[in-house]
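Take a look at the structure below.
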Amino acid sequence: MNVLDLLEQWKQSDTFNNTLSDDHQVISYQEAYLRISVYSDWLASNSFTQPMAFYCAQSIEHLLMLIALMFNEVNFVLLPVKSTDVDKELFADQLTLKPHFCDMLRHIQLTKQAQCKTVATPGRIYFKTSGSLGTPKLVVHQRHNLIANSRNVLTRLPLNASSRVLIPVPMHHMYGFGAALWPCLLVGASIHLTSNLNILRFKAVERQFAPTVAYLTPSTVGALLLRSCKSSQYEFIVSAGDCFDRQTFQQAQTKFGRVFNLYGSTELGVVAIGEIQSKGEAVDDCVTALPGVKIKIESEQIAVKHPFGFDFYLYQQTRDVFFNTGDLARGDEITGFSVIGRAKLSINREGRLIAFSELESQIKQHQHIQDVALVKGRKDSKGHTIVAIVESTTELAPDELRRQLGKFLPRYATPSKIIIEPQLPRLVSGKINRKQIALHYEETEF
1 MNVLDLLEQW KQSDTFNNTL SDDHQVISYQ EAYLRISVYS DWLASNSFTQ PMAFYCAQSI
61 EHLLMLIALM FNEVNFVLLP VKSTDVDKEL FADQLTLKPH FCDMLRHIQL TKQAQCKTVA
121 TPGRIYFKTS GSLGTPKLVV HQRHNLIANS RNVLTRLPLN ASSRVLIPVP MHHMYGFGAA
181 LWPCLLVGAS IHLTSNLNIL RFKAVERQFA PTVAYLTPST VGALLLRSCK SSQYEFIVSA
241 GDCFDRQTFQ QAQTKFGRVF NLYGSTELGV VAIGEIQSKG EAVDDCVTAL PGVKIKIESE
301 QIAVKHPFGF DFYLYQQTRD VFFNTGDLAR GDEITGFSVI GRAKLSINRE GRLIAFSELE
361 SQIKQHQHIQ DVALVKGRKD SKGHTIVAIV ESTTELAPDE LRRQLGKFLP RYATPSKIII
421 EPQLPRLVSG KINRKQIALH YEETEF
C-alpha cells in the first residue's frame, strides 16, 4: 500500500471533507493529502542517513510526516519528543518538527548524527518498549505487517468514515499507532489528536470535537467515571494499556455504552479484542483473538503466534514462533480470556497466585489512596509477603491504613507493610516507574 492507494481509498469512501485536528489546527483529508505530498517531496529531495530517529509529538504535522515516512520506505525509529533512555548513537539523522506548518518548511529540523551503530534495513520501523519493568528494548517491525495488523482491528471494531475519533493516547506507542491511528486512517474517520488530558480538558474537547469514539486507558476511564453524567454521545470507547477489572468495566458500559477491551503489545500490535455479545449490543469484558492470531494459555501465562507481529528485537535477531508475552490470564483461548497482570508482577502466597494488578485495583478502592504499586517483600513460611507503596495525602498512619485495607482484602492478600508517598515515580508515558520502585522497596520491608 502506498500514498496513492490510501488517497484512492479516501476518495472511494467520500472522506475528503472529513477532518484531522489537534489542539492547534483543523484540516480536511484533502488538505492532509496535499501536505503529505509536500513532506514526501521533501524526503525525496533531501539526503539523509538511515535509520533515522523521528521524534513524534501528538500533532497533525507529526502525523502527516509519519505517513510520508511510512510510504517513502524510510527506515526509522518512532520516539517520543522527550526521549532520554535510548542511545542516540544507535541511529543516524534526527528529525524533529514544530506542531505548526510553516512556509518553506521552516518547522522541520534535520540534525545530522556523526556516528551510527545500526545498519539501515529498508522498510523497517522500530518501536521502543515502555521499560517500566527493565531496560527499554527496540522492536523491529515491517511496515506492511503494521498496516495489516491495523486492518485486522477493523474486523472487530465498528469504525467507519462517519466515526469521530478522539485519540489522546500517544501515536508513538503501539496502542496509539496500530490500534487507534491507522485503523481510523484506513476508513477515513475524522480524528482529533490531543494529550495530557484531565477532566476539564476532556470536557472541553468533547464540546469542541463531539467524538463518537474514544481510545482511552483504564486510568483515564476511572477518572471519567467520577463524572456523574452519562456520556450518551459515544458509539463506543476502547480501553487498553493496563488491566481492567470487571466492576470498572461494567460501570464504563453504563456510562459510555459499549466498551471494547483491547489486548496487545509493542511486539505484537493488537492481539485480541472483546466481542459484541449476541444478546443486545453489550460487549464481553473478556477478549478473543483476532483473525489469524493463535494463542496458548499454559500455567496462566499467555503465548502468541501472530501473523503480523514483530520480526525481532534490535541486536537480538531470533525469537520463538510462539512469543511469550509475560502476561497472566484467566479463561481460555476459545471462549475468551481476561488479562490479570504481568508474570513478573505476581507472587505465590499460601498456594495462591496473586496478580499485583488485580490486587492494586482492589486497594485503589480505598478513599484515601490515589494510586498504588505493589512489590514482593521478603519470604516467610507462606511465600513472599507484599509491600504496598501508595500515593496518598492522607494523615492516617501506615498501620491504620493497613488495618482498614484488611477489612475488605483477603488475609493472604493484605500487604504486610504500607509505605505512603505523596507521589509515585512515573515514566514519560505516565505509567508508574516500577523498576525504580522495585530498586528501592523490593524485599526490604523489615
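Counted from 1, the sequence shown has number 9 at position 9 by full-length UniProt numbering; the numbering is strictly sequential.
Cβ coordinates follow ideal geometry from the N, Cα and C atoms, glycine included.
query                                                                                                : result
Integer Cβ distance of Ala289 from Leu359, believed to fall under 8 angstroms                        : Actually they do not touch by this definition, with Cβ atoms about 27 angstroms apart.
Beta-bridge partners of Ile437, as assigned by DSSP                                                  : Beta-bridge pairing links Ile437 to no other residue.
The stretch 82-101 / the stretch 52-65 touching (three or more Cβ pairs under 8 angstroms)           : yes
Beta bridge counterpart(s) of Ile27 as assigned by DSSP                                              : Leu20
Beta bridge counterpart(s) of Leu110 as assigned by DSSP                                             : Leu95
For Leu6 and Asn72, the rounded distance between their alpha carbons                                 : 13 angstroms
Start-to-end residues for the beta strand (DSSP E) that takes in Ile363                              : Element bounds for Ile363: not the beta strand (DSSP E) but the alpha helix (DSSP H), 356-363.
Beta-bridge pairing of Tyr126 - partner residues as DSSP gives them                                  : Val77, Val140
Start-to-end residues for the alpha helix (DSSP H) that takes in residue 448                         : Outside the shown range of the chain (1 to 446) lies residue 448, about which nothing can therefore be said.
Own chain residues within Cβ distance below 7 angstroms of Phe446, not counting five before or after : The pLDDT assigned to Phe446 is 47, lower than 50, so where the model puts this residue is not dependable; a value taken from the coordinates is nonetheless given after this. Cβ neighbours of Phe446 beyond the five flanking positions: Arg378.
Separation of Thr325 from Leu197, as counted between CA atoms                                        : 29 angstroms
Glu8 - DSSP class collapsed to helix/strand/coil                                                     : helix
Rounded straight-line distance, which links the Cα of Asn149 to that of Val119                       : 26 angstroms
Of the listed residues Cys116, Phe101, Thr96, nearest to Leu110 (C-alpha basis)                      : Thr96
Three-pair Cβ contact test at 8 angstroms for the stretch 380-396 versus the stretch 340-355         : yes
Per-residue DSSP class, three states only, for Ile297                                                : strand
Residue of Val86, Val187, Leu146 minimising C-alpha distance to Lys137                               : Val86
Strand pairing of Val213, partner residues [DSSP]                                                    : Val165, Phe236
beta-carbon Val139 near the ligand PLP non-hydrogen atom, thresh 7 angstroms                         : Ligands are entirely absent from the displayed structure, and the ligand PLP is therefore not among its contents.
Minimum C-alpha distance to Trp10 - residue among Pro422, Cys184, Leu200, Lys344                     : Cys184
Where the beta strand (DSSP E) containing Lys417 begins and where it ends                            : 417-421
For Tyr263 and Gly178, the rounded distance between their alpha carbons                              : 12 angstroms
For Leu328, the residue or residues it bridges with in DSSP                                          : Gln301, Gly341
Which of helix, strand or coil DSSP assigns to Tyr55                                                 : strand
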